[in-house]
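The structure appears below as structure tokens.
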Amino acid sequence: KHLNLDHVEIIKCGNADIIASHREQWNDGSNSLAIEPGKVITYDRNYITNRELEKSGIEVLTIPSSELSRGRGGPRCASMPLIRRRYS
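Each residue of the sequence shown is one higher than the one before, starting from 855 at the first, in our numbering.
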């Protein structure tokens, strides 16, 4: 409603493959940071989810996960919005 969209496409972590979805869920595959419409930052290790995002027309910028993931969480968890819009 607030996005003025006719529909929302759900992109499943690991492309709904039972093994890949479990692995990528624990690897923060759904923890992406949207930096603008159609562009996200994700971990490079979640290649299946990243491929599905790209197939849906989303530009995926990947970062290495070797250091940031030690604190648990992904790109979204490591960020803090400076400005928030109020939706009523």
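Note that beta-carbon positions come from the ideal geometry of N, C-alpha and C, so glycine has one too. On a predicted model such as this, the values are computed, not experimentally measured, just so you know.
Simplified DSSP assignment, three categories, for residue i
i: K909; result: helix
i: E943; result: Since the first and last residues shown for the chain are 855 and 942, residue 943 lies out of range.
i: Y941; result: coil
i: I873; result: helix
i: I864; result: coil
Nearest-angstrom Cα separation, counted from residue j out to residue i
i: C867; j: T916; result: 15 Å
i: L859; j: S910; result: 16 Å
i: R938; j: I889; result: 14 Å
CB contact flag (residue i, residue j, <9 Å)
i: N885; j: Y901; result: no
Buried versus exposed call for residue i [16 or more other C-beta atoms within 10 Å across all chains shown]
i: P935; result: exposed
i: D882; result: buried
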